[in-house]
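Structure, as structure tokens:
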Amino acid sequence: FGHGVWTGILGAVLFRESGPRHFRIDLPVILAYLLVSVLHGFWDGLPAAIGLYIIVPPGFPISVVTIVIAIVGIVILIVMYRRALH
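Under the working numbering, the residues of the sequence shown are numbered 44 to 129, in order.
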């Protein structure tokens, strides 16, 4: 799940910043890369470090941190999509 959202964020910034015939790596692309790297690191490390879980039917534990990180990624992607429409 997270990988698709993070790829969408980075891809959106890369295509927005690039020209019609070549990719351009500039500050917004680098910042987007750092953002998705941090989100990925949080996704991998924070749930185990914090250990805060909720139990969802039929008894599966889901990390609250994972849910928050997923929501943050989706919100960023939605904001970028809405900006692209204007």
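Backbone N, C-alpha and C fix where the C-beta goes; we use that ideal spot for every residue, glycine too. Please read all numbers here as calculations on a predicted model, not as lab measurements.
*Might you give, ordered along the chain, the residues of its own chain that have their beta carbon closer than 6 Å to the beta carbon of F85, omitting 5 neighbours on each side?*
The residues are I112.
*Please look up how many angstroms separate the CB atoms of I121 and V48, rounded, as I've assumed it's under 8 Å.*
Actually they do not touch by this definition, with Cβ atoms about 10 Å apart.
_Inter-residue CB distance, I98 and P104 (contact presumed, cutoff 8 Å)_ = Indeed, because the Cβ distance is near 6 Å, the residues count as touching under 8 Å.
*Under 7 Å Cβ to Cβ from R59, same chain only, skipping five residues before and after it: list those, please.*
Within its own chain, no residue has a Cβ closer than 7 Å to the Cβ of R59 once the five positions on either side in sequence are excluded.
*Assign V81 to one of two classes, buried (16 or more other C-beta atoms within 10 Å of its C-beta) or exposed (fewer than that).*
Classification for V81: exposed.
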